[in-house]
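Working notes, beginning with the structure itself.
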Amino acid sequence: MDLESLEKELQKIKNSLKYPCVAIIGKTGAGKSSLIKAVFGIDTQGVEGIKTGAGKPQTTEYEKYPKHPREDKPIYLYDSPGYEAHKTQEFLDKTIKFLDERKLKVINNNFSSDDSIHLVWYAVAGSGKRFEEFDKTIIKKIKENKIPLIIVLTQIDMLKNKELTELKTEVKNYVDELAKELQGTRKNLNIEILEVAADPHERTSIIEKQEYQEKLLQLVDKSIELLPTTYQNAFIYSQELNIKKKRKIAWLFIVTGASATFASSFTPIPGTTPFATFGTQYSLFQELDKIYSFQKYSQEIKELVNSIDQNRGLVLAAGLVLDIGSTTFSILFPGLFVVGETIAGGIAATYILNVSLAYAKTLEEVSLRYLSLDVTKDEIFKYFKEHFKKNFDKYNQLPNIKGVKDIDKIGEEYINE
Ligand SMILES: Nc1nc2c(ncn2[C@@H]2O[C@H](COP(=O)(O)OP(=O)(O)O)[C@@H](O)[C@H]2O)c(=O)[nH]1
Ligand SMILES: [Mg+2]
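Position 204, counted from 1, in the sequence shown is what our numbering calls 980; the numbers after and before it change by one each time, with no gaps.
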């Protein structure tokens, strides 16, 4: 397999992901940065483009973050600028201007992507316990500009049940009033009201934490639903809470790797060409690492790969790196040394499919298990190894690939598993 052409193919997939633009608007201290951190794992404190929080220089303008597209998170975020309590009017003016400059343009029934905002999360601070006039003004503007909107009641762990109910009722009443004014309904105007606690206080019980996690997941799912279809995949890729939905994205990359391998008829004969297949595998793994936000561990896996004696080939490579017995490989490819050219691509593709499905599935399991827990790297690696082995054995049962249709079928089963 020609590594360069595979990388080109993988790049094409990445280029096909259209970056959604999500604006997170709300008062200073409403919990916007905490929300961004919880959903996307992006730390905006002190990062280029977004500087808010106590003691940090505050930007006074809406700034797109990041300034340049990032490969590991295909998304753009706008965090509304921080402002001092008495400068409400200034904040309001800036926000209205911002919304007008970037309203979602509908051209021939298609949404144009240039500089428009595809979704707003409007944060209403639970801690403030108040839904204010300027909140209403901004929300109205968002809807006049036809931007899908989720009103997010934040920091709900700081509210008593009664207070939360009151705040919710107040917001709902306003939205209904607005819907009437704009001659629509909450539903067809694409307005949702959700509640979260992105960074609950330390005394929160584990059960409550899980409930809050569930609420954040609802925010993610609603966001996907409200986004124009073409931006959904990149959003799924970028968020870190709905892990299962990522399978669809992982498959886009896996199928590319498998198909390219199939087409190239490359034969992964142990002892002769291990690194070519490893190249395919490694490029794919790197892409999968990003989808599951596992990049910080890529290096370690790479070091394992590099430590392998090249001459001992794939059998040992697979065995050493990922702790699989070498027999697995000979069972997978019994006729390896006698097959003709035409089946060769099938064998290579079967191997790539097997190993990358096992890898993606393992990342999924690791992510689900450690989603909201603080665990050590060693624990993650231990869990990873065990599960990879199990998954490799499982996908090893897949029939050998004889054509591209076989690959599609495996994909369908994997996504719906
Ligand atoms: N109790 C509680 N505190 C929160 C929550 N979310 C954020 N905070 C705290 O509220 C403060 C402001 O949050 P931040 O995300 O910086 O707000 P921003 O100014 O809107 O970006 C910080 O001290 C956070 O730790 C939450 O869900 N519960
Ligand atoms: Mg902030």
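Glycine included, each C-beta is placed from N, C-alpha and C at the ideal position.
Of all C-beta pairs linking the stretch 1004 to 1016 to the stretch 931 to 948, fewer than three are shorter than 8 Å, placing the two stretches out of contact. Between A1134 and Y1171, the C-beta gap is smaller than 8 Å, which places the two residues in contact. Judged by DSSP secondary structure, Y854 falls outside any alpha helix (DSSP H) and instead within the beta strand (DSSP E) spanning Y852 to D855. Apart from the 5 residues on each side of it in sequence, T871 sits with its Cβ closer than 7 Å to the Cβ of I801, S856 and I914 in its chain, given in chain order.
Secondary structure at T930: strand, using DSSP grouped into helix, strand and coil. Counting the other Cβ atoms within 10 Å of the Cβ of G858 gives 16 or more, which makes it buried.
The shortest C-alpha to C-alpha distance from L1028 to any of P1004, A861 and I1067 is the one to I1067. In the DSSP assignment, E971 falls within the unbroken beta strand (DSSP E) covering I967 to E971. Between the C-alpha atoms of L1003 and V798 there is a straight-line separation of about 9 Å.
If you draw a straight line from the Cα of E837 to the Cα of I923, it is about 20 Å long.
For the pair A806 and N964, the Cα-to-Cα distance works out to about 27 Å.
Within the model, the alpha-carbon separation for Q986 versus S1148 is close to 8 Å.
With contacts defined by Cβ atoms closer than 8 Å, S1035 and I1183 form a contacting pair. By the neighbour-count definition (other C-beta atoms within 10 Å, threshold 16), G902 is a buried residue.
Collapsing the DSSP output to three states places Y898 in a strand.
According to the DSSP assignment, E866 belongs to the alpha helix (DSSP H) that extends over T864 to E877.
For K912, the secondary structure class from DSSP, reduced to helix, strand or coil, is helix. In the three-state reduction of the DSSP assignment, A799 falls in the strand class. DSSP, read as helix, strand or coil, puts Y859 in coil. When rounded, the separation of the alpha-carbon atoms in L782 and Y1190 is 22 Å. When the Cα atoms are used, Q989 and A974 turn out to be separated by approximately 8 Å.
The Cβ atoms of T1032 and L786 sit closer than 8 Å to each other. Beta-bridge analysis with DSSP links K840 to Y854. For D1182, the uninterrupted alpha helix (DSSP H) run begins and ends at V1180 to N1192, by DSSP.
Counted as a single uninterrupted DSSP element, the alpha helix (DSSP H) harbouring A955 occupies residues N937 to E957. Around the beta carbon of F910, fewer than 16 other beta carbons sit within 10 angstroms, so the residue counts as exposed. Counting only residues of its own chain and dropping the five nearest sequence neighbours on each side, Y1159 has a CB closer than 7 Å to the CB of V1142 and R1145. By the 16-neighbour rule on beta-carbons within 10 angstroms, H862 is exposed. At a Cβ-Cβ threshold of 8 Å, L940 and E978 do not count as neighbours. When secondary structure is reduced to three states using DSSP, L1174 falls in the coil class, being assigned neither helix nor strand.
When the beta-carbon positions are compared, K948 and I969 come within less than 8 Å of each other.
Per DSSP, the beta-bridge partners of L925 are V896 and I967. One thing to note: V900 has its Cβ no nearer than 8 Å to the Cβ of L925. Taken through DSSP and simplified to helix, strand or coil, I1067 comes out as helix.
Judged by beta-carbon spacing, D848 lies beyond the 8 Å limit of Q994, meaning their Cβ atoms are not closer than that value. DSSP places V1151 in no alpha helix (DSSP H); its state is neither H nor E.
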